[in-house]
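Below is one structure, written out as structure tokens; the observations come after it.
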Amino acid sequence: MSAIAVDRLSHVYAGAEGGVPALEDITIGVEAGKFVVIVGPSGCGKTSLLMMLAGLRHQTEGTILCAGKPISEPDPERVGVVFQEASLFPWLTALDNVEFPLALRGAPRDDRRRRAEEMLSLVGLDGFGGRYPHELSGGMKQRVSIARGLVQDPPVLLMDEPFAALDEQTRMTMGHELLRIWSTTRKTVVFITHSLTEAVYLADEVLVMSARPGRIIDRIEVTLPRPRTYEMMATDTFGQLRERIWQQIRKAP
Ligand SMILES: Nc1ncnc2c1ncn2[C@@H]1O[C@H](COP(=O)(O)OP(=O)(O)OP(=O)(O)O)[C@@H](O)[C@H]1O
Ligand SMILES: [Mg+2]
């Protein structure tokens, strides 16, 4: 069974003249434990698709199954989400931010504290639990967001340009860190990015979308071995994969 199965999904946003067609005939299957990256021109519907996978928005047509069951509303125990902006509560410490989804669910205080501390440790923030968001760097805030997305141990993690606001060096480090976290937790990850280098570095498979209304126009298997290393970026295979994605995006109608 696929961890995620999207079948003939289309979406039209309500509006003048029959509305805005945003997504068209999307069919995707993601096996459990895979790292899938979605790329495509701005406005092609990537975020819309991710919101639907998270149960935050409803498609006009087609179905989404997560481990065989529909996702009709947000369910952080099945699907965790990390957005581009860290979207942490500024009045809560890092630890309290990570704990927040568990507190909402009424989990016992000691349990949720222990779990949140484990997650902060997993993302490399041991000792930073007492800091407030304004006392953390951009990369650290994104680590807290990742910890929060993982705190309920969902089998699926959705990430919408999580590192887009970071400088290039921090971004590379965060990508590498994410692969480390992924390899220890074995989540199924769907990751959106505009960076083709990031796409190739992270993915098992890259899905390329066309301009709006977004369709899947190419699926590229990334055959580079794991664990990935920075040196791989200089290889011919890496360059060829990156080029193929770029050619697809460039000619995307
Ligand atoms: N709530 C909404 N109501 C109406 N139209 C919307 C809404 N959200 C998005 N759209 C439209 O749907 C299309 C896809 O938007 P979406 O944000 O999914 O694109 P995207 O691929 O994530 O873009 P980017 O790469 O810039 O983040 C755009 O044309 C956008 O204007
Ligand atoms: Mg977007």
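In the numbering used here, each residue carries its 1-based index in the sequence shown increased by 47. Backbone N, C-alpha and C define an ideal beta-carbon position, used for all residues, glycine too.
query                                                                                                                                                         : result
Rounded to whole angstroms, what is the Cα-Cα separation between threonine 284 and leucine 249?                                                               : 14 Å
Regarding serine 134 and ligand 1, is the C-beta to nearest heavy atom distance less than 7 Å?                                                                : no
Examine ligand 1 and report whether any of its heavy atoms sits within less than 7 Å of the Cβ of tyrosine 248.                                               : no
Does the distance between the C-beta of threonine 94 and the nearest non-hydrogen atom of ligand 2 fall short of 7 Å?                                         : yes
Taking only runs that begin and end inside the segment 139-217, name each unbroken alpha helix (DSSP H) of 4 or more residues, in chain order.                : 141-151, 156-169 and 185-197
Cα separation between arginine 160 and valine 247?                                                                                                            : 36 Å
Taking only runs of the alpha helix (DSSP H) that begin and end inside the segment 97-126, which ones reach a length of at least 4 residues, in chain order?  : none
In three-state DSSP terms, what is glutamate 224?                                                                                                             : helix
I'd like to know whether the C-beta atoms of isoleucine 85 and methionine 256 end up nearer to each other than 8 Å.                                           : yes
DSSP puts methionine 256 in a beta bridge; with which residues?                                                                                               : Ile263
Do isoleucine 292 and valine 253 have their C-beta atoms closer together than 8 Å?                                                                            : yes
For arginine 297, name the three-state secondary structure that DSSP assigns.                                                                                 : helix
In its own chain, which residues sit with a C-beta less than 6 Å from the C-beta of isoleucine 75, not counting the 5 before and 5 after it?                  : Val53
Distance, Cα to Cα, glutamate 64 vs histidine 58?                                                                                                             : 15 Å
Take glutamate 224 as the anchor and find which of Glu164, Thr276 and Gln131 has the nearest alpha-carbon.                                                    : Thr276
Report back the beta-carbon spacing between glycine 92 and glycine 261 to the nearest angstrom; my notes put them in contact at under 8 Å.                    : 3 Å
Go to glutamate 278, then tell me how far its alpha helix (DSSP H) extends in each direction, as first and last residue.                                      : Unbroken run through glutamate 278: none, as it is neither H nor E.
Please confirm if the segment 118-131 is in contact with the segment 190-209, defined as three or more CB-CB distances below 8 Å between the two stretches.   : yes
Below 7 Å, is the gap between the Cβ of aspartate 207 and the nearest heavy atom of ligand 2?                                                                 : yes
Pick out whichever of Tyr60, Leu288 and Ala163 has its Cα sitting closest to the Cα of alanine 141.                                                           : Ala163
Under a Cβ-count criterion, where at least 16 other Cβ atoms within 10 Å of its own Cβ denotes burial, should tryptophan 138 be classed as buried or exposed? : exposed
List the whole-angstrom C-beta distance separating glycine 102 from proline 121, where the pair is believed to meet the contact cut-off of C-beta under 8 Å.  : 5 Å
Pull the bridge partners of histidine 58 from the DSSP assignment, please.                                                                                    : Leu70
Quick one: what does DSSP say alanine 52 is sitting in, helix, strand or coil?                                                                                : strand
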